[in-house]
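Structure first, commentary second.
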Amino acid sequence: MLKKTLLLENKASVSVKNLQLVIKTDLKESTIPIEDIGFLVIDNIEIYISVPAMNLLIENNTALIVCSNNHLPNGMFLNLNSHHIQQEIFRNQIEASLPLKKQLWQFTIIEKIRNQGILLEKITGKKNQFEFLAGKVLSGDTTNMEGVAASQYWKAFFEIDFKRERYGNYPNNFLNYGYAILRAATARALSGSGLLNTLGIHHKSKYNAFALADDIMEPFRPIVDEKVYEIMQQYDEQELNTVLKAELLNILTRTVYFKDEKSPLMVALQKTASSLQQCYTGERKKIKYPKLWT
Numbered sequence: 442m443l444k445k446t447l448l449l450e451n452k453a454s455v456s457v458k459n460l461q462l463v464i465k466t467d468l469k470e471s472t473i474p475i476e477d478i479g480f481l482v483i484d485n486i487e488i489y490i491s492v493p494a495m496n497l498l499i500e501n502n503t504a505l506i507v508c509s510n511n512h513l514p515n516g517m518f519l520n521l522n523s524h525h526i527q528q529e530i531f532r533n534q535i536e537a538s539l540p541l542k543k544q545l546w547q548f549t550i551i552e553k554i555r556n557q558g559i560l561l562e563k564i565t566g567k568k569n570q571f572e573f574l575a576g577k578v579l580s581g582d583t584t585n586m587e588g589v590a591a592s593q594y595w596k597a598f599f600e601i602d603f604k605r606e607r608y609g610n611y612p613n614n615f616l617n618y619g620y621a622i623l624r625a626a627t628a629r630a631l632s633g634s635g636l637l638n639t640l641g642i643h644h645k646s647k648y649n650a651f652a653l654a655d656d657i658m659e660p661f662r663p664i665v666d667e668k669v670y671e672i673m674q675q676y677d678e679q680e681l682n683t684v685l686k687a688e689l690l691n692i693l694t695r696t697v698y699f700k701d702e703k704s705p706l707m708v709a710l711q712k713t714a715s716s717l718q719q720c721y722t723g724e725r726k727k728i729k730y731p732k733l734w735t
């Protein structure tokens, strides 16, 4: 079943009754079955959520995302006991060899660069050399072809003068919001497969609690880029508002394509996470990433 994404922006109280999430505002009260919720985004400092509601959401593997004063996702709560053989999966992940992790990162970056090239060609109508760059990625991407591709990608992507920076000018704010949602969705999928988000295959910062999510989301980033490009064509606003946030949240239900089926992104991420778990156990050699376009 496709899970729902809820965005709460107005002052409210959130509680639980009979396995239903109860949302009360000054104007109305609404309920929704907790089992139907995949993502809950809290974007108002005057929202109260009860501990029983938080616990039940987490038990149902809902990603509970909290935004900061600048309205960008700032943190999330995830289920840390979401798989029946959690300890065994953790051990396999921790004991993964360096050659395996380098191979997984190589394949991940190849997929990212290919997706960037396809999207860039769709937007500009011009052929590019990204397939060539993808073919030059070595084990562990030791020559940083990811960086080479990124430099060319962002120079050609927008019609405006643009520099991709975390705290940079518009449309960095749109990209940041979309990436944060994608990161949360990836972390939720990895947690649901029993994997430890803190332990990445490439990202290693001791300050990063979601290093594995940052690794696995890389090939999916062009989905956010595409959505931001579409928003810029349709809207004049340069600041995030409710409509634009809803547009960006829609990436979670965007269709992607596996060899023999199509799938919403949030479901595809679960398949990708499961395949990574199988790579750690030796059942697979490659992560199962979908095609983003047919």
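Position in the sequence shown (first residue = 1) + 441 = our numbering.
Each residue gets a CB set at the ideal place from its N, CA and C atoms; glycine is no exception.
Note that this is a predicted model, so its numbers are computed, not measured.
Pair every Cβ in the stretch 616-634 with every Cβ in the stretch 590-600, then say whether three or more of these pairs are closer than 8 Å.
no
What are the start and end residues of the alpha helix (DSSP H) that includes residue 613?
Here residue 613 corresponds to residue number 172 of the sequence shown, with the count starting at 1. Residues 613-633.
What is the C-beta distance between residue 445 and residue 485, in whole angstroms, given that I count them as a contact (C-beta under 8 Å)?
Walking along the sequence shown from the start, residue 445 turns up at place 4. Walking along the sequence shown from the start, residue 485 turns up at place 44. Incorrect: roughly 19 Å between the Cβ atoms, too far for contact.
Whole-number beta carbon distance between residue 692 and residue 706, since they are thought to touch under 8 Å
Within the sequence shown, the letter at position 265 stands for residue 706. Within the sequence shown, the letter at position 251 stands for residue 692. Confirmed, Cβ separation roughly 6 Å.
Residue 615: buried (16+ other C-beta within 10 angstroms of its C-beta) or exposed?
For the purposes of this step, residue 615 is taken as the residue at position 174 of the sequence shown. Counting Cβ neighbours within 10 Å, residue 615 comes out buried, since at least 16 surround it.
Which class does residue 465 belong to by DSSP, given the choice of helix, strand or coil?
Working through the sequence shown from its first residue, we reach residue 465 at position 24. It is a strand residue.
Can you round the beta-carbon distance between residue 580 and residue 528 to whole angstroms, since I take them to be within the 8 Å contact cut?
Residue mapping note: residue 580 aligns to position 139 of the sequence shown, counting from 1. Residue mapping note: residue 528 aligns to position 87 of the sequence shown, counting from 1. Their Cβ separation, rounded to whole angstroms, is 30 Å, which puts residue 580 and residue 528 out of contact at 8 Å.
At 4 residues or longer, what runs of the alpha helix (DSSP H) sit wholly inside the stretch 636-684?
652-657, 662-675
Which one of 720, 515, 729, 516 has the shortest CA to CA distance from residue 542?
By one-based count along the sequence shown, residue 542 stands at place 101. Nearest option by C-alpha distance: 720.
What does the alpha-carbon distance come out to for the pair residue 662 and residue 620?
In the sequence shown, residue 662 corresponds to position 221, counting from 1. In the sequence shown, residue 620 corresponds to position 179, counting from 1. So the two alpha carbons sit approximately 7 Å from each other.
Residues bridged to residue 446 by DSSP?
Here residue 446 refers to the residue found at position 5 of the sequence shown. The partner list for residue 446 (beta bridge, DSSP) reads 480.
Of the residues 683, 622, 591, which one's Cα is nearest the Cα of residue 569?
Indexing the sequence shown from 1 puts residue 569 at position 128. The shortest Cα separation from residue 569 among 683, 622, 591 belongs to 591.
By Cβ distance below 7 Å, which residues in the same chain neighbour residue 512 in space, the five residues on each side in sequence not counted?
Stepping through the sequence shown from its first residue, residue 512 is reached at position 71. 484, 681, listed in sequence order.
Would you kindly work out how many angstroms separate the C-alpha atoms of residue 685 and residue 650, rounded to a whole number?
Numbered from its first residue, the sequence shown carries residue 685 at position 244. Numbered from its first residue, the sequence shown carries residue 650 at position 209. Looking at the two C-alpha atoms, the distance is approximately 28 Å.
Own chain, CB closer than 6 Å to residue 550, minus 5 neighbours either side, in chain order
The residue labelled residue 550 in the question sits at position 109 within the sequence shown. Closer than 6 Å at Cβ, skipping near neighbours: 578, 582, 587.
With a threshold of 6 Å on Cβ separation, who are the neighbours of residue 634 within its own chain once the five nearest residues in sequence on each side are excluded?
Position 193 of the sequence shown, counting from 1, holds the residue named residue 634. Cβ neighbours of residue 634 beyond the five flanking positions: 714, 715, 718.
Beta-carbon separation of residue 480 and residue 504 under 8 Å?
For the purposes of this step, residue 480 is taken as residue 39 along the sequence shown, with counting starting at 1. For the purposes of this step, residue 504 is taken as residue 63 along the sequence shown, with counting starting at 1. Going by C-beta atoms, residue 480 is nearer than 8 Å to residue 504.
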